[in-house]
Every structure is written in C-alpha cells, then in structure tokens.
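Please read the structure below before turning to the comments.
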Amino acid sequence: MFLIALQRSHASLMSTLMMFLVIGITLILPSLSFLVVQNLKSFSQNIQHESQISIFLKKDTSIETRNKIERELKGRPEINSYHFVKKEDVWPKLQKSLGFNDSNHGLSENPLPDAFFISPNTVNPVEISGLKLFLDKLEGIDQIIMDTEWVKKLNSILQLANKAILLASILLASMLTVVIGNTIHLQMTSHHEEIELSKLIGATNSFIRRPFLYSGFIYGLGGGLTAAIVLKLIVIFINQTIVEVEALYGTQFIIIDLSLLQYLLIIISSILIAVIASFISINQSMKKYDIS
Amino acid sequence: MIKFDRVHKRYPGNLEALQNITFEISSGDLVFVTGPSGAGKSTLLKLIAAIETPTHGTIIFENKNISQIKSSAIPYVRRKFGLVFQDHKLLYDRNCYENIALPLEINEVNGGDIRGRVRAALDKVGLLSKEKLMPISLSGGEQQRLAIARAIVCRPSILLIDEPTGNLDKKHADEIMNLFYNFHELGVTVIIATHEIPITSKKNKQLYLEEGNLIKITGQ
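Quick mapping for you: the protein sequence lines, in order, are chains H and G. Quick note: the first sequence uses the numbering used here, first residue 759, plus one each step. Quick note: the second sequence uses the numbering used here, first residue 169, plus one each step.
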C-alpha cells in the first residue's frame, strides 16, 4: 500500500515536488519568525545584566539608614549585584567634567545624593515591579530610576510576536490543510474508477483510505524535510555573512540555530497537518463512493 | 445457497426495478437470468452481490440475511463473489497483471502468493503472455477474458456475470461461454445475466424477467 502511494507520488513527480515546496515554504515562514524571536529573546537576556536600577538617597539619610538599605538589598533574590557611590566621591568628577575649579566652582554645596546602583538578575516585569514596590517602601530613598523599562518593552514586544507567530502558524496550518486536502481530493477523483471497482469487489473503507493517507504522509514528510533543510541553509548562510561582517566591524553576534528537537518538531507538525488534512478530505470524498 | 423472498427494489423516482421476486439457487447451479433490456437482470445480480439493498423482502445468502446486514460487513459478503461487469470495469492505468492482483490485495492475500495466483488466473483465460500489457491494447474478447480472470483469481464459490457476450462475435462469445461452463464443471455456482441464452448452453436453470417481474423459472 505504501509502495502504491510512493509509485503514485513518483508517477506525478513534478506535482509531488511542488507540493513539498508549498508545504515547506509555508512552514518556513512561522519557523523563521520563531527563530528571529528566539534570537531576540536571547539577545535581550544577554543585555539584561547590563540594565540598571538607580536608587538616590535623601540628602539627610543617616549612615544607619543607608546600612539598613544595603542589608535589605543583600537579601533580595532579584538583585544580581549592587554598588554604593558616595556623593563626595562623585562631586570632584562632576566638577571637573563641568569645567569648575576651586575658585570658580559655581555651586556652594555638593548637590549630588548618595546612590546605590543595582543590577537585577531578571527583566521579568512582575519581579521588577515587586522589587520597585519593595524599594519604594524603604526609608531614606528619594528617587528610583529604572532603566530596565526598554528591556521590559522589548520583552513585551517579543511576547506579542510569539502570540502573532502562534496565530500565523494556526492560519498557515489551516491553509495547508485546505491545500493538502484539495490535492488528496483531486487524487481521489483521478482514481475514482479504481475506488468504485474496489468497493464493488469487497474493499473496505480503510483499504481505500490507506494509499491516500500514505500520500498525505509522504507530502507531510517531504514538506517538513524541505522546511527543515531550507531553514538550516538560511541559518548557515546568515551566520557566514555575520562572520564576514564581524571581521570588518568586530561585532560579536551569531544566529542561534534551532535545536534538533525543534527541527524534528517542524517535520512532525508537517506530517500531522498533512495526515489530518488527508483524513478529512478522504472521509469527505468517500461519501461519494458509498455504493450500497 | 441464495434465496430471494418477495424482494422489491425501487430506485429513487419511484422506478420499480424488481417486484415480488422469489426464487432459490443451490450450490453448483448454472443459472441464466434472462429477459429484455430494462427487465431488472443487472439489478438482480447487484442485489445478490450486496451492491444494492432491497426496498422490501429478504435475501438469504449462506444462511445469512444480507438484506439487513451492517454496512461494515458488506465488503466481506462481496468478496465471496466473482463479479464480471457488463462494461468490464478494467483499470486502464494498470497493466493486466496489476488488474488481476487488485482483488487479491483487497483480500489481503500474502504478497508472495499473489504472483502465482495472478499467473494461474491469466493462464486459465489464455492471457498469460500478455500480463505486462495495458488493457487498452487488448481486443474486446481479451478484455472480457481479463475481467473473468479478475473475477476468478480469488477462487470464489459464485460467479456473477452481467451480459458477458453482448459486444462479442459468435466465435469469441462461444469461447467466453465455454470458460464459464468449465468453471461450472469445477463446482462453481455460475449466474449469468443475458438477454439471450446461447444455443450451446449446458443444463441450466433460467429465471425469466420482464419489467421487473419474475415471469417464469425453468429447469428446476
């Protein structure tokens, strides 16, 4: 039976290859988008450690209060590291950078506050909000400036992109179901004499379904493999281009490839979509051949 | 073996194909179903082979009421018959060998046995040398013989044949009929629907139909 399906696919080689391409390209679109989002996610995770929360203390904050704040910061799991900057240490630097000197300092007193600079180990919006709430309640803090906002925004965009990819995948899967179903329906129509005869001489419905289901399986497997191979080639091509750019500009970035499991998932999804589409189409078409 | 009891068959549009048909066929019989065109001969064969279901009445085959059989069991009833259709119903995109192999595949015969049985069936109808040819390249008589080979390849106990000689000249028609007589002599029940009984016919039973009614049964 599988041999019959293979023979049929071979007999109409061009249309089978076209089908592989249609399925393959349709699957590449969401897979490639997924790959882009995965890379952006990884990028955002890499830079999250560079993001910072600045805590400016009130000018009249005592050393005890400052030490208390430091103890509290030490105990927070969301904080990767922190450092304290004394206002007296920064003031000369600021003066120098502004062009002031001792005789012409322009300001009667140091306007800077003491500050803690925190590197969080997360950009999770919930955890960061929790941390901010906690910091807000601490005594002696004048102002908190979060520069993790843009990472949060990026993460939100990535989450949105993930949802968009999921939606697009569902739409494309539906489109594939229609295309494959229609192809199987056409195949059944072109073999209607054989189906009718088979029914007349005692073929069961499952006997008639089988070669068409196998055809669907072959389409799914071929399409899935096409998608996986083309995707792999795209990643190789982009990474090679990046290496050339790296050599010129000294950047350090490389596209993270999908895992073997994710490639397998693409192939399995393709097979599943094709087999389900074939099954639906076959059942619809079989109603025509209900002889008795 | 086959028993019709007050069988009616009405097609959509109130077309009465068969009315109140009652008869019995025993194992090993040679039966001719005769009558003019539109008498209901083909419908009768389709009812026997469970291709059609009766509107009323009972059809008993091998002690089972096949008029009320579950649809999932119908294929297994059909497999018990060797069917030769009026229009042959050959598959023109498959060669002679593949045409004959189809019923064996449907009957899930072991792949290793298929070749031997196909060749034996082709040999029986004198087409062994043409197993690789496509049916389109065969003459009308050869196509008929190919259809017979397909009907006998599963070694059915009953052969149902619809108008086997309609498009053949006398010489080829006699050849074909002789094939059926040979199968009958081997103990196969042969039921042939034809508008005229060949003069060369052996001892047989005849069911004469006219406008869907069984007018007479002879040779019982």
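Every residue gets a Cβ at the ideal spot worked out from N, C-alpha and C, and that includes glycine. These numbers were taken from a predicted model, which means no experiment stands behind them.
Within the 7 Å Cβ cut-off, does residue i reach chain G?
| i | result |
| --- | --- |
| Ile-966/H | no |
| Ala-961/H | yes |
| Leu-971/H | no |
| Leu-955/H | yes |
| Glu-952/H | yes |
| Ser-1050/H | For Ser-1050/H, the pLDDT reaches just 45, beneath the cut-off of 50, and the residue's location in the model is therefore unreliable, although a value from the coordinates is still provided. For Ser-1050/H, the answer is yes, since a Cβ of chain G falls inside 7 Å of its Cβ. |
If we cut at 7 Å on Cβ distances, does residue i have a partner in chain H?
| i | result |
| --- | --- |
| Leu-186/G | no |
| Ile-274/G | yes |
| Arg-247/G | yes |
| Lys-257/G | yes |
| Pro-303/G | no |
| Pro-243/G | yes |
| Pro-222/G | no |
| Pro-271/G | yes |
| Asn-381/G | no |
Return the first residue and the last residue of the beta strand (DSSP E) that residue i is part of.
| i | result |
| --- | --- |
| Val-175/G | 170-179 |
| Leu-186/G | 183-193 |
| Tyr-265/G | Where Tyr-265/G is concerned, there is no enclosing beta strand (DSSP E), although the alpha helix (DSSP H) it sits in stretches over 264-274. |
| Ala-769/H | Where Ala-769/H is concerned, there is no enclosing beta strand (DSSP E), although the alpha helix (DSSP H) it sits in stretches over 760-769. |
| Gln-901/H | 899-904 |
| Thr-202/G | 198-202 |
| Val-358/G | 357-361 |
| Ser-877/H | 873-878 |
| His-256/G | Careful: His-256/G lies outside any beta strand (DSSP E) and carries neither H nor E. |
| Asn-381/G | 381-386 |
Starting from residue i, trace the alpha helix (DSSP H) both ways and give me its first and last residue.
| i | result |
| --- | --- |
| Ser-1017/H | First-last for Ser-1017/H: undefined, no H or E at that position. |
| Val-286/G | 279-292 |
| Gln-853/H | 845-856 |
| Gln-311/G | 308-320 |
| Ala-341/G | 338-353 |
Buried or exposed for residue i, going by 16 or more other Cβ atoms inside 10 Å?
| i | result |
| --- | --- |
| Lys-832/H | exposed |
| Gln-998/H | exposed |
| Glu-828/H | exposed |
| Arg-323/G | exposed |
| Gln-917/H | exposed |
| Ala-769/H | exposed |
| Met-946/H | buried |
| Ala-1005/H | exposed |
| Asp-291/G | exposed |
| Gln-765/H | exposed |
| Val-201/G | buried |
| Gln-913/H | According to the sequence displayed, residue 913/H carries Asn and not Gln. Per the 10 Å Cβ criterion, buried. |
| Ile-928/H | exposed |
| Leu-314/G | buried |
Ignore the nearest five residues each way along the sequence and tell me which others in residue i's own chain have a CB closer than 7 Å to its CB.
| i | result |
| --- | --- |
| Phe-760/H | Tyr-972 |
| Glu-220/G | Lys-177, Thr-211, Lys-214 |
| Pro-222/G | Val-175, His-176, Lys-177, Leu-215, Ser-235 |
| Leu-815/H | Arg-824, Pro-871, Asp-872, Ala-873, Gly-898, Ile-899, Asp-900 |
| Leu-186/G | Val-175, His-176, Lys-177, Gly-208, Thr-211, Leu-212, Gly-380 |
| Ala-269/G | Ile-282, Val-286 |
| Leu-893/H | Ile-813, Ile-899, Ile-902 |
Closer than 8 Å by C-beta to residue i: which residues in its own chain qualify, once you throw out the five before and the five after it? Chain order, please.
| i | result |
| --- | --- |
| Asn-797/H | Ile-1013, Ile-1014 |
| Val-199/G | Ile-193, Thr-357, Val-358, Ile-359, Ile-360, Asn-372, Lys-373, Gln-374, Leu-375 |
| Ser-1050/H | For Ser-1050/H, the predicted structure reports a pLDDT of 45, less than 50, and the residue's modelled location is therefore unreliable. The matter cannot be settled from this model. |
| Leu-1030/H | Gly-978 |
| Glu-273/G | Ile-282 |
| Glu-230/G | Met-169, Lys-248 |
| Ile-837/H | Leu-831, Ile-876, Ser-877, Pro-878, Asn-879, Leu-889 |
| Ile-1038/H | Thr-935, Gly-939 |
Quick one: residues in its chain with C-beta nearer than 6 Å to the C-beta of residue i, no 5 flanking neighbours on either side, listed in chain order?
| i | result |
| --- | --- |
| Ala-207/G | Leu-377, Glu-378 |
| Ala-341/G | Thr-333 |
| Leu-774/H | A small correction: the amino acid at residue 774/H is Thr; Leu does not occupy that position in the sequence shown. Result list for Thr-774/H: Ser-767, in chain order. |
| Tyr-840/H | Leu-831, Phe-874, Ile-876 |
| His-224/G | His-176 |
| Ile-326/G | Phe-249, Thr-357 |
| Gly-355/G | Gly-196 |
contact_flag[the region 1037-1049 of chain H, the region 349-366 of chain G] where n(CB pairs < 8 Å) is 3 or more: no
* Contact between the region 980-993 of chain H and the region 776-785 of chain H (3+ Cβ pairs under 8 Å) -> yes
*asked:* Measuring CB atoms only, is the region 282-295 of chain G touching the region 227-238 of chain G, in the sense that at least three cross pairs come out at less than 8 Å?
replied: no
| Just checking, does the region 259-266 of chain G make contact with the region 293-306 of chain G on the three C-beta pairs under 8 Å criterion? | yes
The region 975-982 of chain H touching the region 192-209 of chain G, judged by at least three CB pairs closer than 8 Å
no
Check: Do the region 868-875 of chain H and the region 846-856 of chain H touch if we need at least three Cβ pairs shorter than 8 Å?
Finding: yes
Per the contact definition of three or more C-beta pairs closer than 8 Å, is the region 242-261 of chain G in contact with the region 951-967 of chain H?
yes
Check your understanding: Quick check: the region 237-244 of chain G against the region 919-937 of chain H, are there 3 or more CB pairs under 8 Å?
Key -> no
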